[in-house]
Each structure stands twice: as C-alpha cells, then as structure tokens.
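Engineer: Please read through the structure below; I'll follow up with questions.
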C-alpha cells in the first residue's frame with residue numbers, strides 16, 4: 658500500500674470519490690490546518706485519513722479504509738504516530754467500541770471521552786518533550 662499526502666491542486670476529485678464511500682463523514686471542507694493522506698493499493702484509492710490541527714491537539718475528523726481489519730488497525734497506529742509528529746499534546750479520535758478498540762486504547766495509553774454502542778471517542782496524550 659502507498660500513502661501519499663493530499664495535494665489540493667491534483668487530488669480533489671480522488672478525495673471526493675473516496676469520501677463518497679464513507680458513511681461517517683463531516684460536512685465541511687479541508688482547511689489550511691488539515692492533514693490528509695490518501696491510501697492506494699494496486700492503482701486504486703482504498704482509503705484516506707483526515708486530521709485537523711487544533712490549538713492543543715490533533716483531531717481525527719475522518720478515517721476510511723476498505724481493506725482488512727488487521728490493516729485498518731495498523732492505519733490507526735499510523736494516525737497516532739503522524740499526529741505525534743505534529744507536536745501537539747494529544748490526539749482525539751473515534752474508534753470502534755469493540756475488543757480491538759479496547760486493545761488499541763490500552764496500547765497507546767489513551768482514555769475514553771465518550772462512548773456509545775457503535776464507537777468511542779478517545780484521547781491519547783503525548784509526551785511533550787519539545788516544550
């Protein structure tokens with residue numbers, strides 16, 4: 658799989674096409690504070706991640722991947738590592754409320770902020786060595 662950064666000069670149509678497959682999408686457009694990566698496999702776009710940089714944390718706005726569950730959780734790890742490089746105090750994200758979600762939460766030392774039957778909003782703090 659190839660990851661590449663979204664470029665608004667070239668990738669708008671690709672992003673909108675893959676976003677149309679995501680039933681859980683926000684009704685807003687990317688901003689100058691957005692970080693978006695597209696995932697490609699065998700010359701087809703198979704997913705994307707969209708994070709927004711807030712004053713003190715990163716927020717995962719949208720995540721979509723049409724592939725195996727195992728790879729999906731690997732991409733969640735990618736999101737956390739990418740957010741940590743943005744030098745913010747934490748990342749907030751929604752994950753499935755299942756056994757894998759609980760393992761992911763424990764692995765990264767996060768906490769549940771909200772929970773319902775379909776998912777949970779979690780926050781994962783980062784060590785702020787740069788402060």
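Residue numbers (our numbering): 658 to 788. Positions of the beta carbon are idealized from the N, C-alpha and C atoms, including for glycine. Computed from a predicted structure; not experimentally measured.
If we ignore side chains and look at the alpha-carbon of each, how far apart do residue 736 and residue 706 end up?
Structural biologist: One C-alpha to the other measures close to 8 Å.
Engineer: Taking all protein chains shown into account, decide if residue 684 is buried (16 or more other Cβ within 10 angstroms of its Cβ) or exposed.
Structural biologist: With fewer than 16 other Cβ atoms within 10 Å, it is exposed.
Engineer: Please name the residue in 749, 695, 658, 680 whose C-alpha comes closest to that of residue 710.
Structural biologist: Taking only the C-alpha atoms, the option nearest residue 710 is 749.
Engineer: How do the stretch 683-697 and the stretch 755-770 stand: do at least 3 beta-carbon pairs fall below 8 Å, yes or no?
Structural biologist: Short answer: they don't touch.
Engineer: Provide the residue span of the beta strand (DSSP E) that contains residue 721, from first to last.
Structural biologist: Where residue 721 is concerned, the enclosing beta strand (DSSP E) stretches over 714-722.
Engineer: What residue from 695, 774, 681, 677 has the CA that sits closest to residue 667's CA?
Structural biologist: For the residues 695, 774, 681, 677, the minimum Cα distance to residue 667 belongs to 695.
Engineer: What is the C-beta distance between residue 776 and residue 754, in whole angstroms, given that I count them as a contact (C-beta under 8 Å)?
Structural biologist: Yes, they are in contact, since the Cβ atoms of residue 776 and residue 754 sit about 5 Å apart, within 8 Å.
Engineer: Determine the contact status of residue 780 and residue 768, defining contact as a CB-CB distance below 7 Å.
Structural biologist: Contact flag set, yes.
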